[in-house]
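Note that numbering that gives the first Met the number 0 has the sequence shown beginning at 0, numbered continuously upward.
Following: one structure in structure tokens, then a few remarks.
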Amino acid sequence: MGPRILEKMKDNIFISIITPTYNRADELIHLLRSISEQTYHLGKIECIISDDGSDDDTETIVKEWQGKSFFDIIYLTQENKGPGAARNHGLEKSSGDLILFIDSDCEAHPKWIETIVNSYKDNDFDACGGPDGSKGDFTVLQKAIDFSMTSFFTTGGMRGHSEKMIAKFYPRTHNMGITRSIYEAIGGFGDLRHGQDIEYSNRIHRSGAKVCFIKDALVYHRRRTSLKQFTKQVINWGIARVNLGKIDLNMLELVHFLPSIVCLFSMIIISFTLYIEWTLQEILSIFFIPLATISLFGVVGRRDPKLFPFLLVVIPVQIIGYGVGFLYAFFRRFIFGKSEIVGFKKSYYK
0 MGPRILEKMK DNIFISIITP TYNRADELIH LLRSISEQTY HLGKIECIIS DDGSDDDTET
60 IVKEWQGKSF FDIIYLTQEN KGPGAARNHG LEKSSGDLIL FIDSDCEAHP KWIETIVNSY
120 KDNDFDACGG PDGSKGDFTV LQKAIDFSMT SFFTTGGMRG HSEKMIAKFY PRTHNMGITR
180 SIYEAIGGFG DLRHGQDIEY SNRIHRSGAK VCFIKDALVY HRRRTSLKQF TKQVINWGIA
240 RVNLGKIDLN MLELVHFLPS IVCLFSMIII SFTLYIEWTL QEILSIFFIP LATISLFGVV
300 GRRDPKLFPF LLVVIPVQII GYGVGFLYAF FRRFIFGKSE IVGFKKSYYK
């Protein structure tokens with residue numbers, strides 16, 4: 000089916016949803032169910048599942064949904080090449096006027112598509128992004144990670160969860176939309192293993208396109224289910240940010256240095272306090288007070304006291320993991336001139 004002529008009437012806009020996946024059959028059930036519950040006309044939706052070489056029950060699950068859904072489901076397969084290549088495969092087969100990206104570990108709010116389409120009608124954007132959050136059935140760890148990953152206090156709003164941002168907004172592919180004309184103008188995703196959505200959004204910005212943050216276009220993000228997985232993920236993000244900066248320094252802003260600065264500052268404080276023979280309790284109190292304060296904001300904001308002990312662990316893991324990955328990559332790439340660093344390549348989807 001060829002590209003349709005884009006019209007501004009809501010009911011005439013055809014939507015392509017592209018989701019790369021790898022061995023996430025159980026999570027795909029949640030995603031597909033959320034698409035089936037959209038308030039937007041289901042007959043105007045095609046959902047493209049681009050399988051990056053799964054060896055679980057992904058194909059079986061998708062075929063079951065193909066037989067019972069009221070929207071088109073297109074199932075694509077390829078050898079394992081990474082999520083960027085999987086998204087490009089989906090783009091090549093898409094026919095929508097608006098192309099939306101959502102990850103396989105996400106669920107869309109029932110009004111997700113309707114909200115994006117209405118915003119397009121009002122604002123005539125070329126690309127858009129929205130926030131991600133948690134649901135009541137998520138684990139306490141997932142909720143804690145969600146707060147740490149989306150709070151202004153821990154991210155500066157740069158992940159697109161707040162209209163108050165201290166860095167440029169780059170839509171990310173867990174919740175992102177583009178017009179077909181932008182895809183035809185700039186092409187598909189690059190070959191970065193990590194951060195390819197930021198690089199893609201940067202190309203969109205550089206093209207002069209209008210990029211819109213839609214605060215009510217919400218998806219629910221089932222984040223990493225263990226601290227080990229989360230630690231690897233944030234280390235990868237720190238490394239990816241440096242790789243992005245080598246491509247274009249505009250993608251490396253002051254806010255991206257902050258976790259590394261916190262790590263270095265903490266090391267200086269610890270070294271100084273050891274020199275003047277402070278007790279362990281006195282040393283820990285320096286870090287605990289600000290950490291506990293941010294954690295309390297999370298507890299109050301989410302109305303869940305069970306989050307507190309988890310946040311005391313998750314927030315430092317995020318800051319230290321990102322900071323260490325960033326410092327390692329920064330010295331290797333900017334100081335010693337080494338080539339691109341990949342990070343935990345084998346565990347990307349895990």
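Positions of the beta carbon are idealized from the N, C-alpha and C atoms, including for glycine.
These numbers come from a predicted model, not from an experiment.
With a beta-carbon spacing of about 11 Å, Asp-51 and Asn-87 fall beyond the 8 Å limit used to define contacts. Separation of His-108 and Gly-186 (C-alpha to C-alpha, rounded to the nearest whole angstrom) is 28 Å. When C-alpha distances from Gly-324 are compared across Glu-276, Asn-242, Phe-152, the shortest belongs to Asn-242. Counting the other CB atoms within 10 Å of its CB gives Ile-314 a total of 16 or more, which places it among the buried residues. Secondary structure note for Asp-50: its beta strand (DSSP E) is the uninterrupted segment 44 to 50. When secondary structure is reduced to three states using DSSP, Thr-172 falls in the coil class, being assigned neither helix nor strand. Ser-294 and Pro-170 have their C-alpha atoms spaced approximately 27 Å apart. The criterion of a C-beta distance shorter than 8 Å is satisfied by Ile-203 and Ala-126.
Cβ contact annotation for Phe-330 (same chain, cutoff 6 Å, sequence separation greater than five): none. Where Glu-113 is concerned, the enclosing alpha helix (DSSP H) starts and stops at 111 to 122. Within a 10 Å sphere around the beta-carbon of Ser-338 sit fewer than 16 other beta-carbons, which makes this residue exposed. Here Glu-106 is bridged, per DSSP, to Tyr-219. Shown here for Arg-23: same chain residues with a beta carbon closer than 6 Å to its own, the five before and five after excluded, namely Ser-103 in chain order.
Here Ile-14 is near Ile-44, since their CB atoms are less than 8 Å apart. At the C-beta level, Phe-69 and Leu-30 stay beyond 8 Å of one another.
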